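Comments concern the structure below.
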Amino acid sequence: MRKATQLAGALCLLVASVSGMAASVLAAPPPERYLHVKVEDAKEGESVNVNLPLSIAEKILPTVNKGELRDGHVTINKSDLDGIDVKGLLDAIRTAPDNEFVTVKQKDEDVRIAKSNGNLIVHVRSTGQEKQNVDITIPLKVVDALFSTAKDNELNIVAALHELSDAGDALLVTVQDASQHVRVWVDSKSSSD
Amino acid sequence: MVLLGKIALGITGTMLAGVGAICSQGMIEVNVVERQPEVHHVYVIAPAMLVPIVTHFIPRHDLGDASQQLRPYMPTIRAALDQLQETEDFVMVDVKDRKQHVEVQKIGGSLVIDVKDENETVHVETPVRMISSTLEQLADKESATAD
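Going down the list, the sequences are from chains X and W.
All residue numbers for the first sequence refer to our numbering, where the first residue is 1 and numbers rise by one.
All residue numbers for the second sequence refer to our numbering, where the first residue is 1001 and numbers rise by one.
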């Protein structure tokens, strides 16, 4: 009987310590997410790295009221979206299976727009005099957040940043030309190394 | 004799408390090493708390339009600096070319700027809280003028 009490006590202690550890893990704040921009110019031997905590960007943007940017929203010229049901278009893309939606092949430029693994992907290959490759990968959740405002001609940048900070590590943009290489990505590292 | 000892103890205690209070906001550190044409070394370390106090005594007319120009940006600056104090250490900007290396980092509670080139090295370290209170002082000066 005494042994059983001791065993029950030990079990209670174990459960308490495990639940305590779990609570401390759950209570820990999520790691800071950073938006990194890296520009490298091999010809000039230059490199520029900018690392911005997304939490700072989220706090700053609503305070900026200049030009088209107001309270964290960017207003698009209505004529640019004339006749386009952006939300309907996004809904169609979201519900469609992974696929290549647009392929444009020109003499010196190829453009591809596709959906893959919950991301909207844009590839541009320029093969003319100025060779340039542009790859853009944006999680669809971020695109949805971007167009989450009531108005059709507004982009909700703060909501998009918030969604971006919840998304996993992602390479968002790469641009490569003859000498320059630009990369924009999101991860939890405080430097771009 | 005992009275003198008590007075000395009181003065020393007050001085120590004063120094502690002055240093409570951290220190500003400026280190400039110039190598060419002559070698110069400037090293200044001062309590950060003095800067907003000194700013308070700058005559309004000497500030010109600085306060007026600063004021519209204060909500953004305030949001940025408040959040900056809460974030962990990180490298904000890192620019390298063949001759120069510029780095802006947040280390501890300070903003650290390092510039290195062939001829000189500059290191500036300022507590974020000091930047915040100094800019608040400057913006307030404008509102005092406007009143």
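Glycine included, every Cβ here is placed at the ideal spot set by N, Cα and C.
From a predicted model like this one, the values you see are computed outputs, not experimental measurements.
Q: Measure the C-alpha to C-alpha separation of His162 of chain X and Asn117 of chain X and round it to an integer number of angstroms.
A: 20 Å
**Q.** Which listed residue (X:Gly83, X:Asn49 and X:Val111) has its alpha carbon closest to that of Asp152 of chain X
**A.** X:Gly83
Q: Kindly say whether Pro139 of chain X, judged by its beta-carbon, lies nearer than 7 Å to any beta-carbon of chain W.
A: no
Q | Any chain W beta carbon closer than 7 Å to Gly45 of chain X | A | yes
Q: Taking Pro1052 of chain W as part of the alpha helix (DSSP H), name the residues at either end of that continuous run.
A: Leu1050 to His1056
Q) Expressed to the nearest angstrom, what Euclidean distance is found between the alpha-carbon atoms of Ile1028 of chain W and Ala170 of chain X? A) 38 Å
**Q.** Spatial neighbours of Ser188 of chain X in its chain, beta-carbon cut-off 8 Å, leaving aside the 5 residues before and after
**A.** Pro31, Glu32, Arg33, Tyr34 and Asp169
Q: Would you mind working out which of W:Asn1119, W:Gly1108, W:Gly1109 and W:Leu1084 sits nearest His1101 of chain W, comparing C-alpha positions?
A: W:Asn1119
Q | Among W:Gln1068, W:Phe1090, W:Thr1134 and W:Asp1097, the one whose alpha carbon lies nearest that of Lys1116 of chain W | A | W:Asp1097
**Q.** Segment contact flag, the region 97-109 of chain X with the region 117-128 of chain X, C-beta cutoff 8 Å, min 3 pairs
**A.** yes
Q. What's the gap between the Cα of Gln1068 of chain W and the Cα of His1061 of chain W?
A. 12 Å
Q: Taking only the alpha-carbon atoms, compute the straight-line gap between Ile138 of chain X and Met1092 of chain W and give it to the nearest angstrom.
A: 24 Å
Q. What does Val1104 of chain W pair with, by DSSP beta-bridge criteria?
A. W:Val1093 and W:Ile1113
Q. If you run the structure through DSSP and keep just helix, strand and coil, what is Lys87 of chain X?
A. helix
Q. Are Ala167 of chain X and Ala145 of chain X touching if we call contact CB-CB under 7 Å?
A. no
Q. How would you call Lys66 of chain X, buried or exposed, if buried means at least 16 neighbouring beta carbons within 10 angstroms?
A. exposed
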